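The block underneath contains the structure these notes are about, expressed in structure tokens.
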Amino acid sequence: MQPLRYSINVTLDGCIDHMTVTPDEELHRRAAETIARADALIFGRTTYEMMESAWRPAAAGNKADWVADWMLPFAKVIDRTKKYVVSDTLAHADWNAEVVRGVDLEATVRALKRQPGRGLYTGGVRLPMALVELGLIDEYEFVVHPRIAGHGPALFAGLSKGVDLKLVGRLEYGSGAMALRYEPRR
321 MQPLRYSINV TLDGCIDHMT VTPDEELHRR AAETIARADA LIFGRTTYEM
371 MESAWRPAAA GNKADWVADW MLPFAKVIDR TKKYVVSDTL AHADWNAEVV
421 RGVDLEATVR ALKRQPGRGL YTGGVRLPMA LVELGLIDEY EFVVHPRIAG
471 HGPALFAGLS KGVDLKLVGR LEYGSGAMAL RYEPRR
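When you line the sequence shown up against the working numbering, it's residues 321 to 506, in that order.
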């Protein structure tokens with residue numbers, strides 16, 4: 321069974337607004353390496369649309385002004401990676417993606433995990449919260465940035481019950497950010 325891994329950038333005070341952190345070349349390189357090891361990504365509609373609008377044009381050579389050349393390897397990796405989009409409102413997805421709608425989320429994700437492979441990754445906020453509630457995430461990676469945002473959405477706000485984790489790895493970046501990897505205590 322392949323694992324489902326969740327990764328998200330977060331500030332020291334738990335803010336997960338992607339506009340509050342400034343990823344650098346080292347963070348992008350590692351994110352590209354991580355996604356390259358995924359058999360597929362599982363996104364909700366909002367995350368899918370945000371990623372597609374940012375990275376699909378860059379991978380095709382039509383990068384926005386904010387996209388630096390060192391971001392292009394990430395754009396190319398995420399562009400070619402298979403994606404599943406969990407949504408009942410998205411009409412279609414054509415960025416190497418398949419829309420998964422009107423299904424039992426738990427059964428669908430368990431079926432994806434049963435397929436042979438190296439692993440699945442998810443990101444975003446609402447879908448991962450549902451996956452946490454269902455006990456389907458096998459590894460969490462919090463990339464904690466040395467910043468206090470003082471506002472914004474908080475990581476796992478509203479979770480119905482706590483999840484005990486054990487630290488299985490850590491990596492410090494030159495920027496002072498720390499990638500902390502955890503597995504659920506079973």
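Glycine included, every Cβ here is placed at the ideal spot set by N, Cα and C.
For clarity, every value in this text was computed on a predicted model and none was experimentally measured.
Going by C-alpha to C-alpha distance, which of the options sits closest to residue i?
i, options, result
"M371", "V420, R400, F462, R350", "R400"
"Q322", "P466, A413, G437", "G437"
"T342", "V463, W375, L487", "V463"
"V483", "L456, A469, R467, E492", "L456"
"D359", "G489, D344, G439", "G439"
"R506", "L347, L485, D333", "L485"
Round the Cβ separation of residue i and residue j to the nearest angstrom and send it over; I've been treating them as touching at under 8 angstroms.
i, j, result
"T340", "G472", "6 angstroms"
"I336", "A450", "Actually they do not touch by this definition, with Cβ atoms about 15 angstroms apart."
"E503", "E459", "5 angstroms"
"L410", "V419", "5 angstroms"
Alpha carbon to alpha carbon, what distance is there between residue j and residue i?
i, j, result
"A395", "R446", "23 angstroms"
"D389", "E369", "22 angstroms"
"A351", "R421", "28 angstroms"
"N382", "K481", "44 angstroms"
"K433", "L324", "7 angstroms"
"W415", "A477", "30 angstroms"
"G443", "A499", "15 angstroms"
"A374", "G470", "26 angstroms"
Looking only at DSSP bridge pairs, what is residue i linked to?
i, result
"Y493", "DSSP output for Y493 lists no bridge partner at all."
"Y404", "I362, E418"
"N329", "V463"
"E346", "For E346, which the question treats as bridged, DSSP gives no partner whatsoever."
"E503", "K486"
Within 7 angstroms: the Cβ of residue i and any heavy atom of the ligand ZN?
i, result
"H471", "The ligand content of the structure shown is nil, which means the ligand ZN is not present either."
Touching or not, the segment 356-374 and the segment 401-409, by the rule of three or more beta carbon pairs under 8 angstroms? Segments in contact, yes.
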